[in-house]
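Colleague: Shown below is the structure under consideration.
Number of protein chains: 2
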Amino acid sequence: MPHHYTYPRAALTVDCVVFGLDAGALKVLLIQRGIDPFKGRWALPGGFVRVDETLDEAAARELEEETGVKDVFLEQLYTFSAIDRDPRERVISVAYYALVNLADHETRAATDASDAQWFPAEKLPRLAFDHVEILATALKRLRGKLRYEPIGFELLPPKFTLTQLQHLYETVLGTKIDKRNFRKKVLGFDLLEALNETHREGPHRPAQLYRFNPAKYERLKKKGFLFEL
Amino acid sequence: MPHHYTYPRAALTVDCVVFGLDAGALKVLLIQRGIDPFKGRWALPGGFVRVDETLDEAAARELEEETGVKDVFLEQLYTFSAIDRDPRERVISVAYYALVNLADHETRAATDASDAQWFPAEKLPRLAFDHVEILATALKRLRGKLRYEPIGFELLPPKFTLTQLQHLYETVLGTKIDKRNFRKKVLGFDLLEALNETHREGPHRPAQLYRFNPAKYERLKKKGFLFEL
DNA sequence: TTTACTTCGTGTAACAAGCACACGAAGTAT
DNA sequence: ATACTTCGTGTGCTTGTTACACGAAGTAAA
Numbered sequence: 001m002p003h004h005y006t007y008p009r010a011a012l013t014v015d016c017v018v019f020g021l022d023a024g025a026l027k028v029l030l031i032q033r034g035i036d037p038f039k040g041r042w043a044l045p046g047g048f049v050r051v052d053e054t055l056d057e058a059a060a061r062e063l064e065e066e067t068g069v070k071d072v073f074l075e076q077l078y079t080f081s082a083i084d085r086d087p088r089e090r091v092i093s094v095a096y097y098a099l100v101n102l103a104d105h106e107t108r109a110a111t112d113a114s115d116a117q118w119f120p121a122e123k124l125p126r127l128a129f130d131h132v133e134i135l136a137t138a139l140k141r142l143r144g145k146l147r148y149e150p151i152g153f154e155l156l157p158p159k160f161t162l163t164q165l166q167h168l169y170e171t172v173l174g175t176k177i178d179k180r181n182f183r184k185k186v187l188g189f190d191l192l193e194a195l196n197e198t199h200r201e202g203p204h205r206p207a208q209l210y211r212f213n214p215a216k217y218e219r220l221k222k223k224g225f226l227f228e229l
Numbered sequence: 230m231p232h233h234y235t236y237p238r239a240a241l242t243v244d245c246v247v248f249g250l251d252a253g254a255l256k257v258l259l260i261q262r263g264i265d266p267f268k269g270r271w272a273l274p275g276g277f278v279r280v281d282e283t284l285d286e287a288a289a290r291e292l293e294e295e296t297g298v299k300d301v302f303l304e305q306l307y308t309f310s311a312i313d314r315d316p317r318e319r320v321i322s323v324a325y326y327a328l329v330n331l332a333d334h335e336t337r338a339a340t341d342a343s344d345a346q347w348f349p350a351e352k353l354p355r356l357a358f359d360h361v362e363i364l365a366t367a368l369k370r371l372r373g374k375l376r377y378e379p380i381g382f383e384l385l386p387p388k389f390t391l392t393q394l395q396h397l398y399e400t401v402l403g404t405k406i407d408k409r410n411f412r413k414k415v416l417g418f419d420l421l422e423a424l425n426e427t428h429r430e431g432p433h434r435p436a437q438l439y440r441f442n443p444a445k446y447e448r449l450k451k452k453g454f455l456f457e458l
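Protein chains in written order, with our numbering: chain A, 1 to 229; chain B, 230 to 458.
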């Protein structure tokens with residue numbers, strides 16, 4: 001059942017840059033393409049937008065279909081429209097980026113992705129289409145956003161230690177942060193709740209566990225509060 | 230000459246939020262729709278994306294066609310995709326925002342816009358489609374960006390006084406700023422060049438004119454410099 | 001049970017940045 | 001000459017940022 005229009009129309013896709021934190025390294029989830037074009041090449045998970053769904057829905061759907069990842073922080077990034085970014089025909093792609101807690105998300109191959117795998121953000125394979133550019137944009141956005149919005153928690157398990165949080169910031173921003181100053185600042189925002197639990201990791205003193213409280217953040221935001229690291 | 234595709238495709242448009250500064254008030258350029266839907270209603274300038282142009286090109290083209298505004302700061306904002314945002318059919322719109330120096334840009338009506346006019350950003354008429362939402366997003370972005378990137382100059386003539394610049398920040402951010410502190414900070418960035426000219430405005434001491442130097446900004450940015458007001 | 005090992009958790013002093021604040025200078029108009 | 005208006009400048013106080021070191025708490029092995 002073909003559909004016809006008076007003027008030619010570009011095809012619309014979504015692509016997702018999925019960030020995860022693993023052993024202190026920032027990783028990106030890629031799928032190996034099972035079909036042409038770029039068969040065998042690694043690519044961002046994504047696919048065509050259906051005419052009866054929003055872009056947010058399309059991004060979430062494709063992400064789950066191709067990698068099994070769902071219920072994660074997912075936000076629109078930028079729309080890419082270079083004329084020849086797809087060799088088949090005119091395709092415009094709305095890019096999204098996601099932050100996931102790696103421990104929760106065992107990856108899974110499905111549908112037209114023959115394989116899904118995590119790669120270090122700094123050592124990527126050759127990518128299909130203009131996906132390097134999309135990735136670079138996503139990284140820039142992640143680094144920018146991390147500094148002035150408390151979204152880093154999305155990359156950690158619900159309960160985490162301050163040392164884990166600090167390592168997250170150091171890894172993503174590529175800086176070295178002083179332990180005492182970091183803790184003073186972060187706790188000063190009053191967004192974290194100390195739990196009655198500790199986390200043992202190796203033969204040494206266990207660390208206090210904390211939890212992020214989004215409600216507190218919303219309340220503070222309304223009062224013109226600024227998170228800034 | 231109809232075009233047909235295996236699956237239905239959404240139509241793609243661009244919409245531009247054009248900001249200008251006039252007599253100390255932030256204004257937005259709107260056009261009055263000459264055709265249905267929403268005939269007679271005010272709307273953002275914009276239109277359908279052609280299949281052989283990028284989104285940036287489409288935004289610049291539509292902006293010039295409908296309002297005569299060209300060669301201005303124009304940046305992609307966000308892509309809007311609510312299912313029923315257009316009553317005719319599925320239309321996805323990529324929004325852009327532009328900053329223009331009002332003095333330079335006499336508006337002009339053209340093609341399918343029966344009229345173009347500046348409105349105060351705080352007192353808008355009823356708008357077509359989901360354009361209120363787009364506008365709100367643009368305002369938020371403008372305010373956010375102004376604080377940490379030197380883009381405000383785009384709203385002023387090439388040569389401006391520090392008082393004008395200060396009023397710009399006060400107007401857009403809705404704050405009151407101390408004169409001496411503002412000047413100290415802004416000049417401290419070393420992004421402005423004092424000219425050998427002054428600006429007379431009324432029967433009193435004339436003010437020193439300055440010019441923004443984008444090259445200096447680029448150089449500083451590479452050294453990890455942060456603009457922040 | 002003592003010792004070795006490792007991370008956890010904490011305070012202070014020097015320094016830099018932000019903020020509040022007032023007045024003489026330089027023009028024009030009468 | 002005087003009145004009027006905006007221009008352009010400096011200082012002290014308060015606040016936030018940075019640099020920095022050591023005892024506490026736990027495990028493992030001798």
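C-beta: ideal position from N, C-alpha, C; glycine also.
If contacts are defined as beta-carbon pairs under 8 Å, then L29 of chain A and A116 of chain A qualify, I think. What distance do you get, rounded to the angstrom?
Modeller: Confirmed, about 6 Å.
Colleague: Nearer than 8 Å: is that true of the beta carbon of P316 of chain B relative to any heavy atom of the ligand NAD?
Modeller: Absent from the structure shown: the ligand NAD. Ligands present: none.
Colleague: Exposed or buried, which one is K222 of chain A when buried takes at least 16 other CB atoms within 10 Å?
Modeller: K222 of chain A is exposed by the Cβ-count criterion.
Colleague: What residues in the region 300-324 of chain B bring their beta carbon closer than 7 Å to a beta carbon of chain A?
Modeller: Per Cβ criterion, the list reads Q305, Y307, T308, S310, A311, I312, R319, I321 and V323.
Colleague: Measure the alpha-carbon distance for P231 of chain B versus L102 of chain A and round it to whole angstroms.
Modeller: Going from the Cα of P231 of chain B to the Cα of L102 of chain A covers about 48 Å.
Colleague: Which term fits Y236 of chain B, buried or exposed, when burial requires 16 or more other beta carbons within 10 angstroms of its beta carbon?
Modeller: Exposed.
Colleague: Report buried or exposed for D341 of chain B, applying the criterion of at least 16 other Cβ atoms within 10 angstroms of its Cβ.
Modeller: Caution is warranted here: a pLDDT of 49 is assigned to D341 of chain B, below 50, making its placement in the model unreliable, and the coordinate value is therefore given only provisionally. Exposed, because fewer than 16 other Cβ atoms sit within 10 Å of the Cβ of D341 of chain B.
Colleague: Span of the beta strand (DSSP E) holding I92 of chain A?
Modeller: Element bounds for I92 of chain A: V91 to V100.
Colleague: Is the beta carbon of Y217 of chain A sitting closer than 9 Å to the one on E193 of chain A?
Modeller: Cβ distance not < 9 Å, so Y217 of chain A and E193 of chain A don't count as in contact.
Colleague: By a C-beta neighbour count over all protein chains shown, 10 Å radius and 16 as the cutoff for buried, is A272 of chain B buried or exposed?
Modeller: Buried, since its Cβ has 16 or more Cβ neighbours within 10 Å.
Colleague: Below 9 Å between beta carbons: does that hold for I363 of chain B and D244 of chain B?
Modeller: Taking 9 Å as the Cβ cut-off, I363 of chain B and D244 of chain B qualify as a contacting pair.
Colleague: Which value, in whole angstroms, describes the spacing of the CA atoms of N213 of chain A and F153 of chain A?
Modeller: In a straight line, the C-alpha of N213 of chain A is about 10 Å away from that of F153 of chain A.
Colleague: Among residues of its own chain, excluding the 5 on either side of E64 of chain A, which ones have a beta-carbon nearer than 6 Å to its beta-carbon?
Modeller: Here the set comprises K70.
Colleague: Contact check, I406 of chain B vs Q395 of chain B under 8 Å by CB: the rounded distance?
Modeller: Going by Cβ atoms, the distance from I406 of chain B to Q395 of chain B rounds to 6 Å, so yes, they are a contact pair.
Colleague: Could you tell me the distance, in whole angstroms, from the CA atom of K159 of chain A to the CA atom of L168 of chain A?
Modeller: Approximately 14 Å, taken between the alpha carbons.
Colleague: To the nearest angstrom, how far is the alpha carbon of G20 of chain A from that of K123 of chain A?
Modeller: Those two C-alpha atoms are separated by around 14 Å.
Colleague: Need the endpoints of the alpha helix (DSSP H) that V186 of chain A sits in, please.
Modeller: Counting along the chain, the alpha helix (DSSP H) containing V186 of chain A begins and ends at K179 to G188.
Colleague: In angstroms with no decimal places, state the Cα-to-Cα distance between E53 of chain A and I312 of chain B.
Modeller: Approximately 7 Å, taken between the alpha carbons.
Colleague: Starting from the C-beta of P435 of chain B, find all residues in its chain whose C-beta is less than 8 Å away, skip the five residues before and the five after it, and write them out in chain order.
Modeller: Only T427, H428 and R429 meet the Cβ criterion.
Colleague: State yes or no: is the C-beta of V246 of chain B within less than 9 Å of the C-beta of L284 of chain B?
Modeller: For V246 of chain B and L284 of chain B, no; Cβs fall outside 9 Å.
Colleague: For the alpha helix (DSSP H) that G373 of chain B lies in, which residues bound it at each end?
Modeller: Its alpha helix (DSSP H) spans residues H360 to Y377.
Colleague: Measuring only between beta-carbons, confirm whether Y326 of chain B sits less than 9 Å from chain A.
Modeller: Chain A contact via Cβ: absent.
Colleague: For the region 378-389 of chain B, which residues have a CB atom closer than 7 Å to at least one CB atom of chain A, in sequence order?
Modeller: Residues passing the 7 Å Cβ filter: none.
Colleague: Assuming L394 of chain B is part of the alpha helix (DSSP H), what are its boundary residues?
Modeller: Element bounds for L394 of chain B: L391 to L402.
Colleague: State buried or exposed for T79 of chain A, treating a residue as buried only when at least 16 other CB atoms are found within 10 Å of its CB.
Modeller: So T79 of chain A ends up on the buried side.
Colleague: I'd like to know if L241 of chain B contacts chain A, where contact means its C-beta is closer than 9 Å to some C-beta of that chain.
Modeller: Yes, because at least one Cβ of chain A sits closer than 9 Å to the Cβ of L241 of chain B.
Colleague: So, under 8 Å CB-CB, L303 of chain B and A289 of chain B are touching, yes? Tell me the CB distance rounded to an integer number of Å.
Modeller: About 6 Å; that satisfies the 8 Å criterion.
Colleague: Does the beta carbon of F454 of chain B come closer than 9 Å to any beta carbon on chain A?
Modeller: Chain A contact via Cβ: absent.
Colleague: Reducing DSSP to helix, strand and coil, say where T67 of chain A ends up.
Modeller: Looking at T67 of chain A - three-state DSSP - the assignment turns out to be helix.
Colleague: Taking only beta-carbon atoms, is T241 of chain A less than 9 Å away from chain B?
Modeller: Absent from the structure is residue 241 of chain A, since the part of chain A shown begins at 1 and ends at 229.
Colleague: Quick check: L241 of chain B and L375 of chain B, are their CB atoms within less than 9 Å of each other?
Modeller: It is not a contact, given that the beta carbons lie outside the stated cut-off.
Colleague: For A176 of chain B, which three-state DSSP category applies?
Modeller: Within the shown structure, residues of chain B are numbered from 230 to 458, placing residue 176 of chain B beyond reach of any answer.
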